[in-house]
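K.L.:
Residue numbers (my numbering): 24 to 241. In this text, a Cβ means the ideal position worked out from N, Cα and C, and glycines have one as well. Quick one: this structure, given as structure tokens, is what I'll be asking you about.
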């Protein structure tokens, strides 16, 4: 076996482990994600999995990083070409709704579940999750501030409050989809976002459709 092929196979194995880890963690939680559990699921030896991560916490952190890449690809990147400000804020929200509606992770929003699991447990895992959520909130905040400066949102808009309310809509949507299997929830979330952002519901729905089309085209 050539060194190049060996490296490529090791990368693919790691990618397979992380994909399985994200799927399992979104449903069963990060704490239930063990070397043994992944080895059994993938038909590998424990040493084979352990060789890629070394310890459970390192595995958890790697899975979180991989989930962040998925979120960026599914939500941030489809909205990346939108003009900063209200248009981009609306596009981000539309892509976020689409991400939840399409159940990209079988357990719903990976970070909603992970945050609930680790919110009162100090350590590297909690700090990493909190840091990623903060980065996302700051991006939303910047778009709100830009939209306010452009005059697309009222001059007295409280950016922190608006970001809080947008996030609350998404938490409610995730809960409705996962706990109650409410198929009307995405439409309700789009209406709520339309009221918060002062944009037509049709615009939110249209941007969601464009985001999905862009994802399908790769």
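Looking only at its own chain, which residues have a Cβ that is under 7 angstroms from the Cβ of residue 50, when we skip the five neighbours before and after it?
P.N.:
The count along the chain shown starts at 1 and reaches residue 50 at position 27. 129, 130, listed in sequence order.
K.L.:
Measuring straight from C-alpha to C-alpha, what distance separates residue 102 and residue 150?
P.N.:
The residue labelled residue 102 in the question sits at position 79 within the chain shown. The residue labelled residue 150 in the question sits at position 127 within the chain shown. Between residue 102 and residue 150, the C-alpha separation is close to 27 angstroms.
K.L.:
If we count Cβ pairs, one from each stretch, closer than 8 angstroms, do we get three or more for the stretch 72–80 versus the stretch 45–60?
P.N.:
Flag = yes, the stretch 72–80 and the stretch 45–60 touch.
K.L.:
Assuming contact is defined by CB atoms lying nearer than 8 angstroms, are residue 189 and residue 116 in contact in what I supplied?
P.N.:
Taking the chain shown and counting its residues from 1, one reaches residue 189 at position 166. Taking the chain shown and counting its residues from 1, one reaches residue 116 at position 93. Yes. Within cutoff.
K.L.:
Evaluate the contact criterion for the stretch 37–49 versus the stretch 81–93: three or more CB pairs, one atom per stretch, below 8 angstroms.
P.N.:
In short, these stretches touch, since the Cβ pair count reaches three.
K.L.:
I need the straight-line Cα distance from residue 39 to residue 165, nearest angstrom please.
P.N.:
Sequence index remark: in the chain shown, residue 39 carries index 16 (1-based). Sequence index remark: in the chain shown, residue 165 carries index 142 (1-based). Residue 39 and residue 165: Cα-Cα distance of roughly 35 angstroms.
K.L.:
Using a threshold of 8 angstroms, state whether the C-beta atoms of residue 155 and residue 91 are closer than that.
P.N.:
Counted from its first residue, the chain shown places residue 155 at position 132. Counted from its first residue, the chain shown places residue 91 at position 68. Yes, they are a contact pair.
K.L.:
Does residue 225 come out as helix, strand or coil in the three-state DSSP assignment?
P.N.:
The sequence position of residue 225 within the chain shown is 202, counting from 1. Low confidence applies to residue 225: its pLDDT is 48, below 50, so where it sits in the model is not reliable, and the reading given next is rough at best. Helix at residue 225.
K.L.:
Using the Cβ count rule (16 or more neighbours within 10 Å means buried), how would you classify residue 187?
P.N.:
Numbered from 1 along the chain shown, position 164 holds the residue referred to as residue 187. Residue 187 comes out exposed.
K.L.:
On the criterion of 16 or more Cβ atoms from any shown chain inside 10 Å, does residue 192 qualify as buried, or is it exposed?
P.N.:
Stepping through the chain shown from its first residue, residue 192 is reached at position 169. Buried.
K.L.:
Considering only residues of the same chain and omitting the five flanking positions on each side of residue 208, which have a CB-CB separation below 6 angstroms?
P.N.:
Reading the chain shown from its first residue, position 185 is the one you call residue 208. The answer, listed in chain order, is 196, 199, 200.
K.L.:
For the stretch 142–187, which segments carrying the alpha helix (DSSP H) assignment without a break, of at least 4 residues, lie completely within its bounds, in sequence order?
P.N.:
The stretch 142–187 contains these whole alpha helix (DSSP H) runs: 147–172.
K.L.:
Starting from the N-terminal side, write out each stretch of the alpha helix (DSSP H) that is 4 residues or longer and does not extend beyond the stretch 43–80.
P.N.:
List check, alpha helix (DSSP H) in window: 58–65, 69–76.
K.L.:
Out of 120, 121, 157, point me to the one whose CA is closest to residue 138's CA.
P.N.:
Working through the chain shown from its first residue, we reach residue 138 at position 115. Comparing Cα-Cα distances from residue 138 to each of 120, 121, 157, the minimum goes to 157.
K.L.:
Does DSSP put residue 19 in a helix, a strand or coil?
P.N.:
Nothing can be reported for residue 19, as the shown portion of the chain is limited to 24 through 241.
K.L.:
In whole angstroms, what is the alpha-carbon distance linking residue 159 and residue 99?
P.N.:
Taking the first residue of the chain shown as 1, we reach residue 159 at position 136. Taking the first residue of the chain shown as 1, we reach residue 99 at position 76. Residue 159 and residue 99: Cα-Cα distance of roughly 9 angstroms.
K.L.:
Go through its chain and collect everything with a Cβ distance to residue 68's Cβ below 7 angstroms, but skip five positions before and after it.
P.N.:
In the chain shown, the residue the question calls residue 68 occupies position 45. Around residue 68: 62.
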